[in-house]
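Undergrad: Counting from 1, one number per residue, gives the positions in the sequence shown under UniProt numbering.
Submitted below is the structure of interest, expressed as structure tokens.
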Amino acid sequence: MDLRESITSQTDVALTLTKHVLQTEAKDSNLVFSPLSIHVVLSLIAAGAKGPTLDQLLSFLKSKSNDQLSSFSSELVSVVFADGNPAGGPRLSFANGVWFDRSLPLKPSFKQVLDNVYKAASKLVDFQNKAVQVAGEVNMWAEKETNGLIKEVLPPGSVDASTRLIFANALYFKGAWNEAFDASKTKDHDFHLINGSSVKVPFMTSKKKQTVSAYDGFKVLGLPYKQGNDKRRFSMYFFLPDAKDGLPALVEKASSESGFLERHLPHQPVEVGEFRIPRFKISFGLKASEVLKRLGLVLPFSGEGGLTEMVDSPQGKMRLELCSSLATSSILLKTDDSVVVMRQENMCCILQMLEPDAT
């Protein structure tokens, strides 16, 4: 599988997650989350798994092997998530970190993946006696790696003496529209909600050409960000159903057709007359572990013994499981006339120690 095929597969996974989150978590509210952050954490966990647990992770991520996951994740971390601000492009901060208990040294093969693929900072700590201090250390790491933009990835009480490993990542994105909107032209208009009602919200307005394509039942708009000398191109895409209540059907269609997103992205600017999009600010918290389990990814949370390739255990066949209540993500997305800001406050997985296997 080449890079383009991997992108298609991971986009399909992202749309499946979107459909499920919309139906079960967001319901009638707005939602925002980062599928790529979830992908990175699950891929990292897969690198430390074997047997049925690994098979289930690979199946969920639509990947054939850990090598394939590592190749794609390496591209994400080193290229896609690289900061473009020095070259005049979007500002990006993406950091991975791993904290592991001093009683469980990392296996060399897993440490190599952490260092070379995920560029993850790793540190030996004492969870059994200093759990609160370690949580504070993780939070300080996130603040440092994002230049003070993210101050907490672990809330109080989330780490205790049974914790053995923590995987965390923090994401921050700030991009300026390639064509800023004139703030003096921003006016209130009706915005139609999924429940059939409408509210007055400020709409940004422009009469310039826009990158738009129309399809049967929906339209797609692409708003590019300034890229300066950054060779990458970042855009925000809006998928708008023609029917006011058409969002669920559009999400169903997008999630059921492989490659749907790539096939429907517009590329050429066209005349559209007066053009309006709403300003918005969305904050959404997602207990990712519950969503993943409902989609069939259960073995990493079960303690069945599949997470064996991360650490060397001097205590014998120690079992680890993902702490199901703490694989969470909280995202803030905000737009205005000139910039877009996305801040992921928390994407964190905690592994706890279970009793050693009897065998």
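Note that beta-carbon positions come from the ideal geometry of N, C-alpha and C, so glycine has one too.
Predicted, not measured: the structure shown is a model, and the values here were computed from it.
#1: Three Cβ pairs or more, each shorter than 8 Å: is that satisfied between the stretch 120 to 132 and the stretch 97 to 106?
#2: Would you mind reading off the limits of the alpha helix (DSSP H) that contains Lys130?
#3: What number of angstroms, rounded off, separates the C-alpha of Asp160 from the C-alpha of Ile194?
#4: Can you tell me whether Tyr237 is buried or exposed, with buried defined as 16 or more other CB within 10 angstroms of its CB?
#5: According to the Cβ coordinates, are Ala95 and Ala121 closer than 9 Å?
#6: Look at Pro105 and Val311 and say whether their C-beta atoms are less than 9 Å apart.
#7: With three or more beta-carbon pairs closer than 8 Å as the criterion, would you say the stretch 63 to 72 touches the stretch 265 to 285?
#8: Let me know the secondary structure DSSP gives Thr186 once reduced to three states.
#9: What did DSSP end up calling His20 once you bin it into helix, strand or coil?
#10: Going by beta carbon distance, what residues of the same chain come within less than 8 Å of Asp242, once the five residues before and after it are set aside?
#11: Please report the Cβ distance between Thr11 and Glu262, rounded to the nearest whole angstrom; I am assuming they are in contact, meaning their Cβ atoms lie under 8 Å.
#12: State the CB to CB distance for the pair Gly306 and Thr18, rounded to an integer number of angstroms; the pair is presumed to be in contact (CB under 8 Å).
#13: Where does Arg91 sit, in a helix, a strand or coil, going by DSSP?
#14: So which of Leu3, His20, Pro35, Arg4 has the shortest CA-CA distance to Gly296?
#15: Count the other CB atoms within 10 Å of the CB of Leu58; is the residue buried (16 or more) or exposed (fewer)?
#16: Just the Cα atoms here: how many angstroms apart are Met140 and Met342?
#17: What separation, rounded to the nearest whole angstrom, lies between the Cα atoms of Leu3 and Ser184?
#18: Apart from the five residues on each side of it in sequence, which residues of its chain come closer than 6 Å, Cβ to Cβ, to residue 424?
#19: Taking 8 Å as the cut-off, is the CB of Ser78 close to at least one heavy atom of the ligand PLP?
#20: Using 10 angstroms around the beta-carbon of residue 362, count the other beta-carbons present and answer buried if the total reaches 16, otherwise exposed.
#21: Just tell me which of Ile38, Tyr118, Asn129 has its CA closest to the CA of Val77.
#22: Under a three-way DSSP split, which group does residue 360 fall into?
#23: Any idea if Gly89 is buried or exposed, counting beta-carbon neighbours within 10 angstroms, 16 or more meaning buried?
#24: Check whether the Cβ atoms of Leu42 and Leu292 sit closer than 9 Å, and answer yes or no.
#25: What does the alpha-carbon distance come out to for the pair Ser74 and Val212?
#26: Just confirm the distance between the C-beta atoms of Ser158 and Ala135, as a whole number of angstroms; I'd bet it's less than 8 Å.
#27: What are the complete beta strand (DSSP E) segments, minimum 3 residues, inside the stretch 189 to 257?
#28: Assign Leu351 to one of three DSSP states: helix, strand, or coil.
#29: Please report the straight-line C-alpha distance between Val272 and Lys207, rounded to a whole angstrom.
#30: Thinking Phe110 and Cys349 are a contact (beta carbons under 8 Å), I'd like their distance in whole angstroms, please.
#31: What does the alpha-carbon distance come out to for the pair Gly48 and Pro300?
#32: Rounded to the nearest angstrom, what separates Ser235 and Tyr225 at their Cα positions?
#33: Tell me which same chain residues have a C-beta within less than 8 Å of the C-beta of Thr186, skipping the five on either side of it?
#34: Let's test the definition: count the other Cβ atoms within 10 Å of the Cβ of His39 and tell me whether it reaches 16, buried, or not, exposed.
#35: Please classify Gly196: is it buried, with 16 or more other beta-carbons within 10 angstroms of its beta-carbon, or exposed?
#36: In whole angstroms, what separates the C-alpha of Gln268 from that of Val132?
TA: By the coordinates alone:
#1: yes
#2: Here the question's residue 130 lines up with position 130 in the sequence shown. Counting along the chain, the alpha helix (DSSP H) containing Lys130 begins and ends at 127 to 145.
#3: Stepping through the sequence shown from its first residue, residue 160 is reached at position 160. Stepping through the sequence shown from its first residue, residue 194 is reached at position 194. Approximately 42 Å between the Cα atoms of the pair.
#4: To locate residue 237, count along the sequence shown from 1; it is residue 237. Under this definition Tyr237 is an exposed residue.
#5: Numbered from 1 along the sequence shown, position 95 holds the residue referred to as residue 95. Numbered from 1 along the sequence shown, position 121 holds the residue referred to as residue 121. Yes; because the gap between Cβ atoms is below 9 Å, this pair is in contact.
#6: As a working note, residue 105 is residue 105 in the sequence shown. As a working note, residue 311 is residue 311 in the sequence shown. Yes; because the gap between Cβ atoms is below 9 Å, this pair is in contact.
#7: no
#8: Along the sequence shown, read from residue 1 onward, the residue named residue 186 stands at position 186. Looking at Thr186 - three-state DSSP - the assignment turns out to be coil, as it is neither helix nor strand.
#9: Taking the first residue of the sequence shown as position 1, residue 20 is located at position 20. If DSSP states are grouped into helix, strand and coil, His20 belongs with the helices.
#10: Start at 1 with the first residue of the sequence shown, and residue 242 comes out as number 242. Counting only Cβ-Cβ distances below 8 Å, and skipping sequence neighbours, we find Gly217, Phe218, Lys219.
#11: Sequence index remark: in the sequence shown, residue 11 carries index 11 (1-based). Sequence index remark: in the sequence shown, residue 262 carries index 262 (1-based). Yes, they are in contact, since the Cβ atoms of Thr11 and Glu262 sit about 7 Å apart, within 8 Å.
#12: On the sequence shown, position 306 is the one that residue 306 refers to. On the sequence shown, position 18 is the one that residue 18 refers to. Not really, about 27 Å apart at Cβ, beyond 8 Å.
#13: Residue 91 sits at position 91 when you count from the first residue of the sequence shown. Strand, per DSSP.
#14: Start at 1 with the first residue of the sequence shown, and residue 296 comes out as number 296. The option with the nearest alpha carbon to Gly296 is His20.
#15: Here residue 58 corresponds to residue number 58 of the sequence shown, with the count starting at 1. Label assigned to Leu58: buried.
#16: Stepping through the sequence shown from its first residue, residue 140 is reached at position 140. Stepping through the sequence shown from its first residue, residue 342 is reached at position 342. Their backbone Cα atoms lie some 20 Å apart in a straight line.
#17: In the sequence shown, residue 3 corresponds to position 3, counting from 1. In the sequence shown, residue 184 corresponds to position 184, counting from 1. Distance between the alpha carbons of Leu3 and Ser184: 43 Å.
#18: The structure shown does not extend to residue 424, since the chain is modelled only from 1 to 359, so the question has no answer here.
#19: In terms of ligand content, the structure shown is empty, and the ligand PLP therefore cannot be addressed.
#20: The displayed coordinates of the chain run from 1 to 359. Any statement about residue 362 would go beyond what the structure contains.
#21: Walking along the sequence shown from the start, residue 77 turns up at place 77. Val77 has its Cα closest to that of Tyr118, out of Ile38, Tyr118, Asn129.
#22: As shown, the chain starts at 1 and ends at 359. That puts residue 360 outside it, with no answer to give.
#23: Position 89 of the sequence shown, counting from 1, holds the residue named residue 89. By the 10 Å Cβ count, Gly89 comes out buried.
#24: Here residue 42 corresponds to residue number 42 of the sequence shown, with the count starting at 1. Here residue 292 corresponds to residue number 292 of the sequence shown, with the count starting at 1. Yes, Cβ-Cβ distance for Leu42 and Leu292 is below 9 Å.
#25: Residue mapping note: residue 74 aligns to position 74 of the sequence shown, counting from 1. Residue mapping note: residue 212 aligns to position 212 of the sequence shown, counting from 1. In a straight line, the C-alpha of Ser74 is about 32 Å away from that of Val212.
#26: Taking the first residue of the sequence shown as 1, we reach residue 158 at position 158. Taking the first residue of the sequence shown as 1, we reach residue 135 at position 135. That pair is a contact at about 6 Å.
#27: 198 to 206, 210 to 215, 218 to 224, 235 to 241
#28: Here residue 351 corresponds to residue number 351 of the sequence shown, with the count starting at 1. Here Leu351 sits in strand by DSSP.
#29: Position 272 of the sequence shown, counting from 1, holds the residue named residue 272. Position 207 of the sequence shown, counting from 1, holds the residue named residue 207. Val272 and Lys207: Cα-Cα distance of roughly 7 Å.
#30: Working through the sequence shown from its first residue, we reach residue 110 at position 110. Working through the sequence shown from its first residue, we reach residue 349 at position 349. Phe110 to Cys349, Cβ: 14 Å. No contact.
#31: Against the sequence shown, residue 48 aligns to sequence position 48. Against the sequence shown, residue 300 aligns to sequence position 300. Whole-angstrom Cα-Cα distance: 11 Å.
#32: In the sequence shown, counting from the first residue as 1, residue 235 sits at position 235. In the sequence shown, counting from the first residue as 1, residue 225 sits at position 225. So the alpha carbons of these two residues sit roughly 6 Å apart.
#33: As a working note, residue 186 is residue 186 in the sequence shown. Within the same chain, Thr186 has close Cβ partners Pro202, Phe203, Met204, Thr205, Arg279, Asp337.
#34: If you number the sequence shown from 1, residue 39 lands on position 39. By the 10 Å Cβ count, His39 comes out buried.
#35: Here residue 196 refers to the residue found at position 196 of the sequence shown. Exposed, by the Cβ-count rule.
#36: Position 268 of the sequence shown, counted from the start, is the residue given in the question as residue 268. Position 132 of the sequence shown, counted from the start, is the residue given in the question as residue 132. Their Cα atoms are separated by approximately 53 Å.
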